[in-house]
Amino acid sequence: MKTVPVNKLKFKKNLSMIEQYVVKDFLFQWVGRPTEGIDDFLPLDYTEDVFAKLEAKQDKTFLINGDEQFRYVTITEDKQIVIGILDLNKELKHRIISPQVY
Numbered sequence: 032m033k034t035v036p037v038n039k040l041k042f043k044k045n046l047s048m049i050e051q052y053v054v055k056d057f058l059f060q061w062v063g064r065p066t067e068g069i070d071d072f073l074p075l076d077y078t079e080d081v082f083a084k085l086e087a088k089q090d091k092t093f094l095i096n097g098d099e100q101f102r103y104v105t106i107t108e109d110k111q112i113v114i115g116i117l118d119l120n121k122e123l124k125h126r127i128i129s130p131q132v133y
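Residue 32 is where the sequence shown starts when you use the numbering used here, and the numbers rise one by one after that.
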């Protein structure tokens, strides 16, 4: 996973249903294909605040690397899947978790 500054990313303003499915499917595989399915393991809500993203529900906490909290997943204009995470200092960071997807 490559951490990148937000000013280097160009996020999409909206995601089609197909793009949302692609992102969810990629995330499902990325977290290890949980038996309960991605919607139960990590429920996501689609929003278009500032940019389009699938946000983790507030009542669900998913930790990455033991101490970073997953906040959302989205696609850039360059078709890369990016996650937004909060680090230990509650600072928002962005990580590219895929090359171009489609």
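The beta carbon of each residue, even a glycine, is placed where N, CA and C say it ideally should be. Computed from a predicted model, the values in this text were never measured in an experiment.
Just the C-alpha distance for phenylalanine 82 and threonine 66, rounded to the nearest angstrom, thanks.
Roughly 30 Å separates the two Cα atoms.
Do you know how far the Cα of aspartate 90 is from the Cα of aspartate 109?
Rounded to whole angstroms, aspartate 109 to aspartate 90 spans 31 Å at the Cα level.
Could you check what DSSP says for phenylalanine 93 in three-state terms: helix, strand or coil?
Coil.
Taking contact to mean at least 3 C-beta pairs separated by less than 8 Å, is the stretch 73-88 in contact with the stretch 41-54?
With the cut-off at 8 Å, the stretch 73-88 and the stretch 41-54 touch.
Can you give me the C-alpha to C-alpha distance between glycine 97 and phenylalanine 57, rounded to a whole angstrom?
The straight-line gap from Cα to Cα measures roughly 21 Å.
Compute the Euclidean distance between the alpha carbons of glutamate 99 and threonine 78, then round it to the nearest angstrom.
When rounded, the distance between both Cα atoms is 22 Å.
Comparing alpha-carbon positions, which option in Leu46, Ile106, Lys33, Gly115 lies nearest alanine 87?
Ranking the options by Cα distance to alanine 87, first place goes to Gly115.
Could you check whether isoleucine 127 and valine 104 sit closer than 8 Å to each other, using their CB atoms as the reference points?
Result no, Cβ atoms of valine 104 and isoleucine 127 do not sit closer than 8 Å.
Of the choices Lys55, Arg102, Trp61, Ile49, whose alpha-carbon is the least far from that of lysine 121?
Of the listed residues, the one whose Cα sits closest to lysine 121 is Arg102.
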